[in-house]
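Colleague:
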Amino acid sequence: MTLSIHENAARADELRQRLERANHQYHVLDSPEISDLEYDRLFRELLDLERDFPELRTPHSPTVRVGAPPQSLLAKHQHLTSMLSLGNAFTDEELREWEGRLLRVTGDDVRGLGYTAELKIDGAAVALTYRRGILERGATRGNGVIGEDVTPNIRTIRDIPLRLLGTDPPEIIEVRGEVYMPFDRFERMNEARARDGEPLFANPRNAAAGALRQLDPSVTASRPLRFYGFAAAAPPGAPLPFDSQWELLNTLEHWGIPVESHRQLCKDVDDASAVVARIEETGRASLNFGIDGVVLKVNSLALQDELGVVGGREPRWAIARKFAPDIAVTKLLDIRVNVGRTGALNPYAVLEPVEIGGTTVKLATLHNEDLVITKDLRIGDWVQVKRAGEVIPQIIAPLPERRTGSEQPWRMPRFCPACKTEAEKDEEEVAIYCPNVACPGRQLEGIVHFASRGALDIRGLSYARIEQLIGAGLVHDVADIFSVTADQLMALDRFARKSADNLVAAIATSKKQPLSRLLNGLGIRHVGTGAAQLLAHHFGSLDALASASEEDILRVRGIGGTIASAVTSFFSNPTTKDLIAKLRAHGVEFAEHGSAANDGALAGLTVVITGTLPNLSRQQATELVETHGGHVTSSVSRSTSFVLAGDNAGSKLEKARSLGATVIDEAELLRRIGRSHTTE
Ligand code: IVH
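Last residue of the sequence shown? That's 1877 in our numbering, and every number before it is there in order.
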């Protein structure tokens, strides 16, 4: 099934909204609502959409937040040979099966020569090209065949040598390995970002991958990246200067490349299984970087060649032995409900704090009431909690055998936890909503969104401070933010003269943000950053959008019916009208500069097209007028700026003449637009 561009744009917007909301729930509220799996799925869907439809990309997409610039901006780099991925084994049994397959191909050779066991570093794969020992290029893995040239960024990573040590490095060699961020540096970086009001990174891997793909190397340089090498490639025909993987690792180390020190030689898979068990049980917790398994490789490079690659992607001669997911048992202390800015009520679990895979888990996602009922979770239960690799913890199941009888079944409250309004089911009957637009819980979330980075980006206006302002009665809606004074802030806890002045200044600065950010911040249903930009660009001002009909809005390329009707219903709401009046009174910017609607040659003009034009189709003429800022309407009235008339124009032309409107032909239109090209 192929979707229209409108549907794709709407889907991309929806994905962005859901991802941003999930980020916020996770990082700011500490009460995630979707699983990490679901998050990854949505994230990947958005990445795919943005890759297939570059016109849907926006500078504020959550895909950009992790640091990935639009792919086209980094130059492509073709790897000497494919950068392979790895097959997985989750049990010792699967490892033995893998060895069985090897033995069938090679006879007894494998047992004789053994395997290397190396940690599987959880970061971003890169290939470093050294020519006569000098670092010439660094590239990301990309799709394995073609990656992106990130040489200036690679040069900022301090443990990557710019020149190999030793006397005779090969003419050309590609050193492959993983760029990662150590845990302690990651945490320090996130703490600093939190202090500066910047969004936090979900995990060290995302942080490393994002830092690597920055367009500005000084940004990469400011992120604490490290490197471990574990593979090498040579140009076709040129032999690698080692016979075994073990020798490869040791040679890289001699050249000054960091190589992870837990590597071991194993004589067979039983030996390897013992190594894996040791690392999983004791070694892992003492590491200062993330790993997601142990990689076993047939040691002999000649045998590796013989074994080859399956499906062009996975070598037969290597496998990743993954660890069992991190599971802990703890007590379910409470189930609480949080209300989002759209009114959705989301249950989450409050847990007795427990360590899982090196981090303390206090909350877990519960999605919805059905999940709690299906799993028969009761408050007071002992539960198994899983952190699948990263991000949002989930409850696997309760341990009914440990029940004492005092556990309490839970039901979704029928009322909003914030305003006590009776909750309603949504159209699909899956989620429960607070229908009260004035709900303080929803308002809090709405204001948080308004101040967030993708919207007005008010530095220093954190979640806690917004709660404080609402609690003090200073702020009831987003417009009230602009009337807060430094003196009022100083009367509150945790504000000093400087922090109060800074916040007031940040609020004042945010008034000048472009319309697209304001539109996103207003929290119109279905309008995320992408739709906000399309609308802002097309209409050019808040007033033009507010007075637009659904039909007018539907003419914006990339905007579909759901968004159009959400926008008109938002602006027809009396509460919105009051809010806009307040924002206007505070001097908030209502215009989008650089938009055709303001700056195009036909900005603000209303045009009627009639008759057959010599060259342009009706559709082409309409698009031309619109891309230069004009509006096309179907009937002539006093507000018509000019009529574009072709052959057989008929009654519209007569009406135009009778009203004294200007009539122009196609050549004149092109001339007017042409003039705008030369001045743009
Ligand atoms: S070997 C066959 N060794 O894991 C060669 N990969 O899932 C493939 N990785 O893209 C790579 N630590 O980025 C190898 N010691 C290690 C590794 C490792 C991490 C990554 C690598 C690869 C991915 C495959």
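Even for Gly, the Cβ is constructed at its ideal location relative to N, Cα and C. If you're wondering where the values come from, they're calculated on a predicted model, not measured in any experiment.
1) Exposed or buried, what is Ser-1269 when buried is set at 16 or more other beta-carbons lying within 10 Å of its beta-carbon?
2) On the DSSP bridge assignment, give the partners of Thr-1887 in chain order.
3) May I ask you to check if the CB of Pro-1349 is nearer than 7 Å to at least one heavy atom of the ligand IVH?
4) Should Met-1280 be listed as close to the ligand IVH, given that the test is whether its C-beta is under 7 Å from any heavy atom?
5) What are the start and end residues of the beta strand (DSSP E) that includes Gly-1374?
6) Could you give the distance in angstroms between the alpha-carbon of Ser-1873 and the alpha-carbon of Val-1840?
7) Return yes when at least one heavy atom of the ligand IVH lies under 7 Å from the C-beta of Ile-1318, else no.
8) Assign Gln-1591 to one of two classes, buried (16 or more other C-beta atoms within 10 Å of its C-beta) or exposed (fewer than that).
9) The ligand IVH and Glu-1291: does any heavy atom of the ligand fall closer than 7 Å to the residue's C-beta?
10) According to the Cβ coordinates, are Ile-1756 and Ala-1206 closer than 8 Å?
11) Measure the CB-CB distance between Cys-1631 and Val-1536 and report whether it falls below 8 Å.
12) Have a look at Ile-1861 and Val-1833 and give me their C-alpha separation to the nearest angstrom.
13) For the stretch 1462-1480 against the stretch 1367-1385, do three or more pairs of beta-carbon atoms, one drawn from each stretch, fall closer than 8 Å, so that the two count as touching?
14) Between the Cα of Leu-1484 and those of His-1203, Ala-1705, Phe-1240, Pro-1379, spot the shortest distance and give me the residue it belongs to.
15) Leaving out five residues before and five after Ala-1853 in sequence, what residues of the same chain have Cβ atoms less than 6 Å from its Cβ?
16) Taking the straight line between their C-alpha atoms, what separation do you get for Glu-1511 and Leu-1359?
17) Quickly, what does DSSP pair Cys-1463 with across the bridge? List them, please.
18) Start and end of the alpha helix (DSSP H) containing Leu-1253?
19) Inspect the beta-carbon positions of Leu-1529 and Gly-1577 and report whether they are closer than 8 Å.
20) Would you decide whether Val-1675 is buried or exposed? Buried here means 16 or more other CB atoms lie within 10 Å of its CB.
21) So, for Thr-1678: in the same chain, excluding its five sequence neighbours on each side, which residues have a beta-carbon less than 8 Å away from its beta-carbon?
22) Taking 7 Å as the cut-off, does the CB of Glu-1503 come closer than this to any heavy atom belonging to the ligand IVH?
23) Under 8 Å between C-beta atoms, does Glu-1252 make it to chain B?
24) Applying the criterion that 16 or more other CB atoms from any shown protein chain within 10 Å of the CB defines a buried residue, is Leu-1560 buried or exposed?
25) Using C-beta distances below 7 Å, list every residue in its chain close to Leu-1271, excluding the 5 sequence neighbours before and after it, in chain order.
26) Would a C-beta distance cut-off of 8 Å place Val-1302 and Leu-1504 closer than the cut-off?
27) Taking just the CA atoms, how far does Arg-1338 sit from Pro-1266?
28) DSSP on His-1451, reduced to helix/strand/coil?
29) Counting only the same chain and skipping the five closest in sequence on each side, list residues whose C-beta sits under 6 Å from that of Phe-1768.
30) Using C-beta distances below 8 Å, list every residue in its chain close to Phe-1486, excluding the 5 sequence neighbours before and after it, in chain order.
31) If I'm right that Tyr-1312 touches Val-1507 with Cβ under 8 Å, what's the distance once you round it to whole angstroms?
32) Quick one: Cα of Gly-1857 to Cα of Arg-1639, how far?
33) Roughly how far, in whole angstroms, is the beta-carbon of Ala-1620 from the beta-carbon of Pro-1637, given that I think they are within contact range, below 8 Å?
34) Could you please give the first and the last residue of the uninterrupted alpha helix (DSSP H) stretch that includes Ala-1763?
35) Alpha carbon to alpha carbon, how far is His-1735 from Ala-1794? Give it in angstroms, no decimals.
36) DSSP has His-1828 in a bridge; who is on the other side?
Modeller: In brief:
1) On the sequence shown, residue 1269 is found 72 positions in, with the first residue counted as 1. Unreliable placement is indicated for Ser-1269, whose pLDDT of 45 sits below 50; no coordinate value is reported for it.
2) The question about residue 1887 has no answer here: the residues shown for the chain are numbered 1198 through 1877.
3) Within the sequence shown, residue 1349 is the residue found at index 152, counting from 1. Pro-1349 Cβ: outside cutoff for every heavy atom of the ligand IVH.
4) Reading the sequence shown from its first residue, position 83 is the one you call residue 1280. Yes; taking the cut-off as 7 Å, the Cβ of Met-1280 has a heavy atom of the ligand IVH nearer than that.
5) In the sequence shown, residue 1374 corresponds to position 177, counting from 1. Where Gly-1374 is concerned, the enclosing beta strand (DSSP E) stretches over 1369-1377.
6) As a working mapping, residue 1873 is identified with position 676 in the sequence shown. As a working mapping, residue 1840 is identified with position 643 in the sequence shown. Low confidence applies to Ser-1873: its pLDDT is 36, below 50, so where it sits in the model is not reliable, and the reading given next is rough at best. If you take the alpha carbons of Ser-1873 and Val-1840, they lie about 19 Å apart.
7) By 1-based counting over the sequence shown, the position of residue 1318 is 121. For the ligand IVH, at least one heavy atom lies less than 7 Å from the Cβ of Ile-1318.
8) On the sequence shown, position 394 is the one that residue 1591 refers to. It counts as buried.
9) As a first step, residue 1291 must be located in the sequence shown, where it is residue number 94. No, the beta carbon of Glu-1291 sits no closer than 7 Å to any heavy atom of the ligand IVH.
10) Here residue 1756 refers to the residue found at position 559 of the sequence shown. Here residue 1206 refers to the residue found at position 9 of the sequence shown. Cβ distance < 8 Å, so Ile-1756 and Ala-1206 count as in contact.
11) For the purposes of this step, residue 1631 is taken as the residue at position 434 of the sequence shown. For the purposes of this step, residue 1536 is taken as the residue at position 339 of the sequence shown. Contact flag set, yes.
12) Taking the sequence shown and counting its residues from 1, one reaches residue 1861 at position 664. Taking the sequence shown and counting its residues from 1, one reaches residue 1833 at position 636. Distance between the alpha carbons of Ile-1861 and Val-1833: 14 Å.
13) Here the stretch 1462-1480 does not lie against the stretch 1367-1385, with fewer than 3 beta-carbon pairs under 8 Å apart.
14) Position 287 of the sequence shown, counting from 1, holds the residue named residue 1484. Ranking His-1203, Ala-1705, Phe-1240, Pro-1379 by Cα distance to Leu-1484 puts Pro-1379 first.
15) The count along the sequence shown starts at 1 and reaches residue 1853 at position 656. Here the set comprises Val-1833, Val-1840, Val-1860.
16) Looking up residue 1511 in the sequence shown gives position 314. Looking up residue 1359 in the sequence shown gives position 162. About 30 Å.
17) Mapped onto the sequence shown, residue 1463 falls at position 266. The partner list for Cys-1463 (beta bridge, DSSP) reads Tyr-1312.
18) Locating residue 1253 in the sequence shown gives position 56, where the first residue counts as 1. Careful: Leu-1253 lies outside any alpha helix (DSSP H) and carries neither H nor E.
19) In the sequence shown, counting from the first residue as 1, residue 1529 sits at position 332. In the sequence shown, counting from the first residue as 1, residue 1577 sits at position 380. Contact flag set, yes.
20) In the sequence shown, counting from the first residue as 1, residue 1675 sits at position 478. Val-1675 should be labelled buried.
21) On the sequence shown, residue 1678 is found 481 positions in, with the first residue counted as 1. First, the amino acid is wrong: residue 1678 is Ile here, not Thr. Closer than 8 Å at Cβ, skipping near neighbours: Ile-1644, Phe-1647, Ala-1648, Ile-1655, Leu-1658, Leu-1666, Val-1672, Ile-1704.
22) Along the sequence shown, one-based indexing puts residue 1503 at 306. No, the Cβ of Glu-1503 stays beyond 7 Å of every heavy atom of the ligand IVH.
23) The structure shown has no chain B; it contains just one protein chain.
24) Residue numbering aside, residue 1560 sits at position 363 when the sequence shown is read from its first letter. Within a 10 Å sphere around the beta-carbon of Leu-1560 sit 16 or more other beta-carbons, which makes this residue buried.
25) Here residue 1271 refers to the residue found at position 74 when the sequence shown is read from its first residue. Contacts found: Glu-1345, Asp-1346, Val-1347, Arg-1410.
26) Translated into positions along the sequence shown, residue 1302 becomes position 105. Translated into positions along the sequence shown, residue 1504 becomes position 307. Yes.
27) Stepping through the sequence shown from its first residue, residue 1266 is reached at position 69. Stepping through the sequence shown from its first residue, residue 1338 is reached at position 141. Its pLDDT being 37, under 50, Pro-1266 is placed unreliably by the model, and nothing is read from it.
28) Here the question's residue 1451 lines up with position 254 in the sequence shown. DSSP, read as helix, strand or coil, puts His-1451 in helix.
29) Residue 1768 sits at position 571 when you count from the first residue of the sequence shown. If you ignore the 5 residues before and after Phe-1768, its C-beta comes within less than 6 Å of the C-beta of Ala-1743, all in its own chain and listed in chain order.
30) Numbered from its first residue, the sequence shown carries residue 1486 at position 289. Cβ within range, chain order: Ile-1318, Asp-1319, Gly-1320, Tyr-1377, Met-1378, Pro-1379, Phe-1380, Pro-1401, Arg-1423.
31) Locating residue 1312 in the sequence shown gives position 115, counting from the first residue. Locating residue 1507 in the sequence shown gives position 310, counting from the first residue. That pair is no contact at about 18 Å.
32) Within the sequence shown, the letter at position 660 stands for residue 1857. Within the sequence shown, the letter at position 442 stands for residue 1639. Distance between the alpha carbons of Gly-1857 and Arg-1639 is about 52 Å.
33) Here residue 1620 refers to the residue found at position 423 when the sequence shown is read from its first residue. Here residue 1637 refers to the residue found at position 440 when the sequence shown is read from its first residue. So it is not a contact: roughly 15 Å between Cβ atoms.
34) Here the question's residue 1763 lines up with position 566 in the sequence shown. That run of the alpha helix (DSSP H) goes 1758-1769.
35) Locating residue 1794 in the sequence shown gives position 597, counting from the first residue. Locating residue 1735 in the sequence shown gives position 538, counting from the first residue. Cα to Cα, Ala-1794 sits roughly 6 Å from His-1735.
36) Within the sequence shown, numbered from 1, the residue matching residue 1828 stands at position 631. In DSSP, His-1828 forms a bridge with Thr-1803.
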